[in-house]
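Protein sequence lines, in the order shown, are assigned to chains A and B. Residue numbers for the first sequence follow the numbering used here, beginning at 13 and rising by one. Residue numbers for the second sequence follow the numbering used here, beginning at 258 and rising by one.
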Amino acid sequence: GAGVSQSPSNKVTEKGKDVELRCDPISGHVSLFWYQQALGQGPEFLTYFQNEAQLDKSGLPSDRFSAERTGGSVSTLTIQRTQQEDSAVYLCASSPAVRGEQFFGPGTRLTVL
Amino acid sequence: RKEVEQDPGPFNVPEGATVAFNCTYSNSASQSFFWYRQDCRKEPKLLMSVYSSGNEDGRFTAQLNRASQYISLLIRDSKLSDSATYLCVVIEGTSGSARQLTFGSGTQLTVLP
Numbered sequence: 013g014a015g016v017s018q019s020p021s022n023k024v025t026e027k028g029k030d031v032e033l034r035c036d037p038i039s040g041h042v043s044l045f046w047y048q049q050a051l052g053q054g055p056e057f058l059t060y061f062q063n064e065a066q067l068d069k070s071g072l073p074s075d076r077f078s079a080e081r082t083g084g085s086v087s088t089l090t091i092q093r094t095q096q097e098d099s100a101v102y103l104c105a106s107s108p109a110v111r112g113e114q115f116f117g118p119g120t121r122l123t124v125l
Numbered sequence: 258r259k260e261v262e263q264d265p266g267p268f269n270v271p272e273g274a275t276v277a278f279n280c281t282y283s284n285s286a287s288q289s290f291f292w293y294r295q296d297c298r299k300e301p302k303l304l305m306s307v308y309s310s311g312n313e314d315g316r317f318t319a320q321l322n323r324a325s326q327y328i329s330l331l332i333r334d335s336k337l338s339d340s341a342t343y344l345c346v347v348i349e350g351t352s353g354s355a356r357q358l359t360f361g362s363g364t365q366l367t368v369l370p
């Protein structure tokens, strides 16, 4: 069946521009997570949704980062006024239940020039 | 200090070798433990969960030592296809809400012909 999909797969932007990253979770999955993975590091938690509700955003590194999950399905991660340190791979994961296995999407590779 | 620390690697081993990875975690309240595998420029995928009694899946054996806050992964009879980055993963806390994964930085394994 269809897995988690993310778009775009690659995004190159100029410092100061806003970017929007999209995640399509597996249909019916309740939980959705966003992670940030810098080069040579493991992924780091950004935020968590249970259905439409954003229950934890403690990992967002600054107020330039925000996320939403419309209708409890598709999610977008928005980064405003991008900085070079935002360059990373942004991974989305979904899970069928609060405590279920997380399935990752292929990620969006963001490069801020 | 990172919450999850792994052997820095890289590990370069010949085909057929046995290789072991270690990982320590700092939060004694951590609840669940996993090993994930991540191929180059791909998303992380669950390799196996780690149970207190130790568990085995084919050539892979995982062990947990709660007293020492230590997790290990043993790979026997290494194959070329085992070449990847192995991520030690912990779920911290006891709440029923967010189940975000806390990742180590990963250990890179290359199996040589």
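By construction, the Cβ of each residue, glycine as well, lies at the ideal position given by its N, Cα and C atoms.
Which residues, in chain order, does the segment 307 to 327 of chain B contribute to contact with chain A at a C-beta distance below 9 Å? Answer in chain order: no residues at all.
Between the Cα of A/A109 and those of A/G40, A/E26 and A/G28, spot the shortest distance and give me the residue it belongs to. Looking at A/G40, A/E26 and A/G28, the one whose alpha-carbon comes closest to that of A/A109 is A/G40.
Which class does A/E97 belong to by DSSP, given the choice of helix, strand or coil? Here A/E97 sits in helix by DSSP.
Is there contact here, the segment 97 to 112 of chain A with the segment 34 to 49 of chain A, by at least three beta-carbon pairs under 8 Å? Put simply, the segment 97 to 112 of chain A touches the segment 34 to 49 of chain A. At least three CB pairs are less than 8 Å apart.
Closer than 7 Å, CB to CB, is B/Y357 near chain A or not? In the sequence under discussion, the amino acid at residue 357 of chain B is Gln, which differs from the Tyr named in the question. Yes - at least one Cβ of chain A is within 7 Å of the one on B/Q357.
Burial state of A/G119, where buried means 16 or more other Cβ atoms lie within 10 Å: A/G119 should be labelled buried.
What do you get for A/T90, buried or exposed, if any count of 16 or more other CB atoms within 10 angstroms of its CB means buried? So A/T90 ends up on the exposed side.
Taking buried to mean at least 16 other C-beta atoms within 10 Å of its own C-beta, is B/G353 buried or exposed? For B/G353, the predicted structure reports a pLDDT of 49, less than 50, and the residue's modelled location is therefore unreliable. A value from the coordinates is still provided. Exposed, since its Cβ has fewer than 16 Cβ neighbours within 10 Å.
Cβ pair A/Q48, A/L58 closer than 7 Å: Result yes, Cβ atoms of A/Q48 and A/L58 sit closer than 7 Å.
If we ignore side chains and look at the alpha-carbon of each, how far apart do A/N63 and A/R81 end up? Their Cα atoms are separated by approximately 8 Å.
What residue from A/S87, A/L51, A/T94 and A/A50 has the CA that sits closest to A/C104's CA? It is A/S87.
Please classify B/T359 as buried or exposed, where buried requires at least 16 neighbouring CB atoms within 10 angstroms. With 16 or more other Cβ atoms within 10 Å, it is buried.
Within 7 Å (strictly less), CB to CB, does B/S362 reach chain A? For B/S362, the answer is yes, since a Cβ of chain A falls inside 7 Å of its Cβ.
Which partner residues does B/T318 have in the DSSP bridge list? Per DSSP, the beta-bridge partners of B/T318 are B/E313 and B/L331.
Could you check which residue in B/E272, B/Y282, B/P301 and B/E349 has the C-alpha nearest to that of B/D339? Closest option to B/D339, Cα to Cα, is B/E272.
Quick one: is B/C280 buried, meaning 16 or more other Cβ sit within 10 Å of its Cβ, or exposed? It counts as buried.
Rounded to the nearest angstrom, what separates B/S335 and A/D98 at their Cα positions? Going by the C-alpha atoms only, they are around 37 Å apart.
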